[in-house]
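305 is the number of the first residue of the sequence shown in my numbering; add one for each residue after it. Written below as structure tokens is the structure these notes are about.
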Amino acid sequence: MGGVTPASLAPILLVLGDEELLATRAVTEAVAKVRSVDPEVDVREYQASALTVGEIAEMLSPSLFGGRRLLILRSGQDARKDLVAALLAYAKNPDPEVQLLVLHLGGAKGKAFADGLRAAGATVVPAAKIKGHRDRVAFVRDEIRRAGGKCTDDAAEALIAAVGNDMRELAAACSQLVADTDGRISAETVSRYYRGRVEVTGFTVADATMVGDVPAALEALRWALHVGVDPVPIADALADGVRTVARVASAGRGSPYQLASNLGMPAWKIERAQRQGRGWTPEGLVRAMQVAAECNAAVKGGSDDRAYALERAVFSVAAARQGSAR
């Protein structure tokens with residue numbers, strides 16, 4: 305926190321968004337920053353819905369004893385109108401010894417409060433949920449950079465495939481990878497580090513099956529079942545793989561980016577389905593969809609041996625593809 309001075313502390317911070325990890329991080333960093341200026345800072349937290357105008361006036365008024373204060377107001381979208389009016393009036397002329405941090409979910413509720421703080425010059429810290437795949441890739445790359453490492457797009461994609469979409473898990477994984485390696489993260493690094501986790505996803509089974517790689521599909525399937533992955537998401541992933549390839553194939557030719565809006569899929573998923581769809585015929589895909597439906601029915605209650613139903617589906621989908629090739 306070197307280089308932080310009282311003048312560099314934003315008098316009002318607006319943490320805007322509903323991603324808990326980013327909001328929590330913003331609060332932690334604000335507290336650390338103000339403590340680097342004044343280790344004795346008085347930090348207080350309140351819920352906006354429970355705070356009265358009288359209480360906030362007392363907290364924001366100059367202290368008889370001096371000293372810096374940080375006031376954290378959670379759930380700003382729930383603040384009542386009188387409290388909003390008082391805070392927006394304060395925001396026009398804030399006390400230099402007081403830092404006000406407001407957390408707001410960023411939706412329609414309480415929007416006038418967030419807009420008013422922004423108009424008054426509040427420093428906005430974005431904390432919205434990351435929904436798009438490309439944004440998630442950018443998040444992973446930024447996290448690895450924060451931890452002191454470097455990472456390619458391919459490596460970020462591989463890490464998301466291994467860990468999933470949960471922001472906390474991704475952040476922890478990025479930190480761990482940099483700590484346990486030289487910091488230069490490639491797709492090979494991720495594959496080596498997370499080999500067990502990558503192999504146990506249903507999508508790994510589906511991807512290998514769709515390109516006709518039966519040995520790889522069976523290895524991944526048996527490992528997944530061995531470590532306790534439930535058969536249902538594996539069957540769902542296989543069905544999703546077949547459906548996706550069929551939808552992309554029926555959409556005709558075109559770049560992934562051109563097809564993305566028509567199909568309502570991210571471009572990266574279309575690109576993968578186009579690769580997997582080579583060698584398939586419409587008849588083969590129809591047969592594969594029948595197999596996937598039968599597998600789903602068996603796994604979700606109709607079969608005494610769900611592992612056998614999954615293995616049979618892998619062979620049958622691959623056979624449908626081979627029939628296409630012939």
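Cβ atoms here follow ideal geometry from the backbone N, Cα and C, with glycine treated the same way. Only a predicted model underlies this, so the values are computations on that prediction, with no experimental measurement involved.
Counted within 10 angstroms of its Cβ, other Cβ atoms place residue i as buried (16 or more) or exposed
{"i": "Y394", "result": "buried"}
{"i": "G321", "result": "buried"}
{"i": "R372", "result": "buried"}
{"i": "Y612", "result": "exposed"}
{"i": "A418", "result": "buried"}
{"i": "G516", "result": "buried"}
{"i": "G358", "result": "exposed"}
{"i": "A617", "result": "buried"}
{"i": "G605", "result": "exposed"}
{"i": "G545", "result": "buried"}
{"i": "Q480", "result": "exposed"}
{"i": "A361", "result": "exposed"}
{"i": "G453", "result": "buried"}
{"i": "R557", "result": "exposed"}
{"i": "A640", "result": "The chain is shown only over 305 to 630; residue 640 falls outside these bounds and no answer can be derived."}
{"i": "R576", "result": "buried"}
{"i": "R579", "result": "exposed"}
{"i": "E323", "result": "buried"}
{"i": "G410", "result": "buried"}
{"i": "A601", "result": "exposed"}
{"i": "A303", "result": "The shown model of the chain, from 305 to 630, leaves out residue 303, and the question about it has no answer."}
Spatial neighbours of residue i in its chain, beta-carbon cut-off 8 angstroms, leaving aside the 5 residues before and after
{"i": "R378", "result": "E349, Y350, Q351, A352, L407"}
{"i": "Q594", "result": "none"}
{"i": "P430", "result": "L320, G321, L326"}
{"i": "V331", "result": "V319, I376, L405, L407"}
{"i": "V341", "result": "V308, T309, P310, L313, R372"}
{"i": "E503", "result": "Because the pLDDT at E503 is just 47, under 50, the model does not fix this residue reliably, and the value given afterwards should be weighed accordingly. Excluding sequence neighbours, E503 sits near E523, A524, W527, A528."}
{"i": "A541", "result": "T505, G506, F507, V509, A510"}
{"i": "T493", "result": "A459, L481, T485"}
{"i": "E636", "result": "The shown model of the chain, from 305 to 630, leaves out residue 636, and the question about it has no answer."}
{"i": "A390", "result": "V357, I360, A361"}
Residue i in three-state terms, based on DSSP
{"i": "T427", "result": "strand"}
{"i": "R378", "result": "strand"}
{"i": "Y561", "result": "helix"}
{"i": "V319", "result": "strand"}
{"i": "I434", "result": "coil"}
{"i": "R472", "result": "helix"}
{"i": "R582", "result": "coil"}
{"i": "A624", "result": "helix"}
{"i": "V502", "result": "Note that V502 scores a pLDDT of 47, beneath 50, so its modelled location is shaky; the value from the coordinates is reported in the next line. Three-state result, V502: helix."}
Min CB distance residue i to chain D below 8 angstroms
{"i": "K604", "result": "Absent here is chain D; the protein component of the structure consists of one chain."}
Beta-carbon contacts of residue i that lie in its chain and below 7 angstroms, excluding the five residues immediately before and after
{"i": "I574", "result": "V552, P560, L563, A564, L567"}
{"i": "A571", "result": "P560, Y561, A564"}
{"i": "G581", "result": "V549, V552, A553"}
{"i": "V603", "result": "P535, V536, A539, R610, A613, L614"}
{"i": "R440", "result": "I434, I464, N469"}
{"i": "V335", "result": "V347, L374"}
{"i": "A622", "result": "T513, G516, V518"}
Residues of its chain near residue i, where Cβ-Cβ distance is below 6 angstroms and the 5 sequence neighbours each way are ignored
{"i": "P537", "result": "G506"}
{"i": "L589", "result": "A550"}
{"i": "D458", "result": "A491"}
{"i": "R339", "result": "V345"}
{"i": "V388", "result": "F417"}
{"i": "F443", "result": "I434"}
{"i": "M569", "result": "none"}
{"i": "Q382", "result": "A small fix is needed here, since residue 382 is Asp in this sequence, not Gln. Hits under 6 angstroms: A352, S353."}
{"i": "R591", "result": "A624"}
{"i": "C599", "result": "A539, A613, A617"}
Task: Secondary structure, beta strand (DSSP E): runs of 3+ residues fully inside the segment 338 to 424 - done: Listed in chain order, the complete beta strand (DSSP E) runs (minimum 3 residues) inside the segment 338 to 424 are 346 to 351, 373 to 378, 402 to 408.
TODO: Jot down the residue ranges of each uninterrupted alpha helix (DSSP H) in the segment 527 to 578, minimum 4 residues, whole runs only, in chain order.
DONE: Those alpha helix (DSSP H) runs which fall completely within the segment 527 to 578 and span 4+ residues are 535 to 554, 560 to 567.
TODO: Would you check if the segment 395 to 415 and the segment 423 to 434 touch, i.e. whether three or more CB-CB distances between them fall below 8 angstroms?
DONE: The segment 423 to 434 makes contact with the segment 395 to 415, as at least three CB pairs between them are under 8 angstroms.
Open item on the list: Whether or not the segment 473 to 491 and the segment 442 to 456 are in contact is what I'm after, with contact meaning three or more pairs of Cβ atoms, one per stretch, closer than 8 angstroms; do they touch?
Closed with: Segments in contact, yes.
Open item on the list: Quick check: the segment 482 to 498 against the segment 517 to 532, are at least 3 beta-carbon pairs closer than 8 angstroms?
Closed with: No, because fewer than three Cβ pairs between the segment 517 to 532 and the segment 482 to 498 fall closer than 8 angstroms, the two stretches do not touch.
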